[in-house]
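These notes concern the structure reproduced below.
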Amino acid sequence: GAGVSQSPSNKVTEKGKDVELRCDPISGHTALYWYRQSLGQGLEFLIYFQGNSAPDKSGLPSDRFSAERTGGSVSTLTIQRTQQEDSAVYLCASSKPRTGGGVNTEAFFGQGTRLTVV
Amino acid sequence: AQKITQTQPGMFVQEKEAVTLDCTYDTSDPSYGLFWYKQPSSGEMIFLIYQGSYDQQNATEGRYSLNFQKARKSANLVISASQLGDSAMYFCAMREWGNDYKLSFGAGTTVTVRA
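Here the protein sequences line up with chains A and B, keeping their order. At position 112 of the first sequence the residue is numbered 227 (my numbering), and the sequence of numbers has no breaks. At position 50 of the second sequence the residue is numbered 67 (my numbering), and the sequence of numbers has no breaks.
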């Protein structure tokens, strides 16, 4: 597709269940970011993939959160044993490779997944 | 430590007037880029404007301009001739070459344009 695609767009889950959020970046974009945004708040960094480097997981709030990126393309963010405080919009963004794009390359965002834990 | 600081949580501006959104940043990397994004109530993140650390001139894109003061480490966004459609949240972001190219965001500023 032409843009960053996230699925599902909305997810309602019961407390304690596991959820998987998917991000399909723009083709050729090796940098991929996950952010979390609570209502009316800023973007909370979660995890960053850059090419074949080890991901920067410094923003993951707990060990219930994990993410992987298969084949350098699609990424899945998994939240285990969801809690009500996990309710937020999860945004994925991608950008061109560092060597091919440089610092001036903007990140393109998906529409986000709105997660509601009830 | 905070990489990007946006000190104005919310602002009101009259239609057709200009508004300046503050952004200061913290880096020791000589190579970095600064970005501004707009997020309307629909939730999409829209890229507005970019300023590179080596750029000699302030960036401009239509009604958006960036007041880049490198020595003060500030990159304020100026929106001229505000329109009702400018009401949104605005985020300042930075990418540093030495920080593995990671993109860091500020807390955002909500702008409300009044008719």
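Every residue gets a Cβ at the ideal spot worked out from N, C-alpha and C, and that includes glycine.
Given 8 Å, three or more beta-carbon pairs between the segment 141 to 152 of chain A and the segment 197 to 204 of chain A: yes
Chain-ordered chain A contacts of B:A124 [CB-CB under 9 Å]: Q156, G157 and L158
Counted within 10 angstroms of its Cβ, other Cβ atoms place B:D103 as buried (16 or more) or exposed: buried
Cβ neighbour criterion (16 or more within 10 Å) applied to B:Y67: buried
Paired residues, beta bridge with B:G102 - DSSP: DSSP, once it has assigned bridges, lists no residue as partnering B:G102.
Cross-chain neighbours of A:E183 in chain B, by beta carbon under 7 Å: Within chain B, no residue comes near A:E183; the closest Cβ sits about 18 Å away, beyond 7 Å.
Extent of the continuous beta strand (DSSP E) to which B:G17 belongs: Residue 17 of chain B is absent from the structure shown; chain B starts at 18 and stops at 132.
Interface residues of chain A facing B:F108 [CB-CB closer than 9 Å]: G157 and L158
Interface partners of B:F52 on chain A, CB under 7 Å: E221
Chain-ordered residues of the segment 58 to 76 of chain B with a beta carbon less than 8 Å from chain A: G60, E61, M62, F64, Y67, G69 and S70
Chain A contact residues for B:L38, given Cβ-Cβ distances below 7 Å: Neighbours of B:L38 on chain A: none; closest Cβ ~14 Å, over 7 Å.
Residue closest to A:E200, alpha-carbon to alpha-carbon, out of A:V119, A:G118, A:G131 and A:A117: A:G131
Interface partners of B:L120 on chain A, CB under 7 Å: Y148 and A222
Contact under 8 Å by Cβ, B:R80 with B:S97: yes
Beta-bridge pairing of B:R112 - partner residues as DSSP gives them: B:G50 and B:L120
Beta-ladder partner(s) of A:D171, from DSSP: A:Y163
For B:A92 and B:L65, believed in contact at Cβ under 8 Å, the rounded distance: Not really, about 12 Å apart at Cβ, beyond 8 Å.
Cα-Cα separation, B:D39 to A:I141: 31 Å
Within-8 Å CB hit, A:L175 to chain B: no
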